[in-house]
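Colleague: Can you read through this structure? Questions will come right after.
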Amino acid sequence: AASAASASSSPAASVADTVFISNLPKVLSKTDVLWLVGEIPGVAGLRLPRKGAKSMGYAFIKCESAAAAQAVIALLHGMELEGKKLVAEPAQDAARGADKFYSEDENDDGAVAVKGGRGRGGQKA
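Reminder that position 51 of the sequence shown reads as 656 in our numbering, one-by-one numbering, no gaps.
Following this line, the structure appears as structure tokens:
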């Protein structure tokens, strides 16, 4: 039973609880995206990559569990925002930065904690 518990904390599990949102309007700020996802139960963090002052049109949402991630996907996938339909799906690769969330209010990559997210390092994409 102890090995089953340790298997759930493997790096692969961290990707299962991260949602990739694409087709976000680039005019949206971190504050706008936080408003969109901040009240969804189980959301723990957000990373909104930027190029200069503008969003790159996608975000990673860190959830407290894989079940919470599925709920976020069900809620956001297909939602229309600023005339664009959002695409929400499980993040595919933590090495591309999907696991890079911080407990600080903001950093250079636009990552923020929503409710006590844990800071973890990762390679920059």
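The beta carbon of each residue, even a glycine, is placed where N, CA and C say it ideally should be.
With respect to the beta strand (DSSP E) encompassing LEU651, which residues constitute its N-terminal and C-terminal limits?
Modeller: Working through the sequence shown from its first residue, we reach residue 651 at position 46. Residues 648 to 652.
Colleague: Can you check the region 625 to 677 for any beta strand (DSSP E) of at least 3 residues that lies completely inside it and give the ranges in chain order?
Modeller: You should have 648 to 652, 663 to 668.
Colleague: Based on Cα-Cα distance, which residue from SER627, MET684, LEU680 lies nearest to ILE645?
Modeller: Sequence index remark: in the sequence shown, residue 645 carries index 40 (1-based). Nearest of SER627, MET684, LEU680 to ILE645, Cα basis: LEU680.
Colleague: Measuring alpha carbon to alpha carbon, tell me which residue in ALA621, GLU669, VAL638 is nearest TYR663.
Modeller: Counting from 1 along the sequence shown, the entry for residue 663 is found at position 58. Looking at the Cα atoms, VAL638 is the closest of the given residues.
Colleague: Going by beta carbon distance, what residues of the same chain come within less than 7 Å of PRO630, once the five residues before and after it are set aside?
Modeller: Numbered from 1 along the sequence shown, position 25 holds the residue referred to as residue 630. LEU686, GLU687, LYS689.
Colleague: Tell me which residue opens and which closes the beta strand (DSSP E) that GLU694 is part of.
Modeller: On the sequence shown, residue 694 is found 89 positions in, with the first residue counted as 1. 692 to 695 is the span of the beta strand (DSSP E), which, as asked, contains GLU694.
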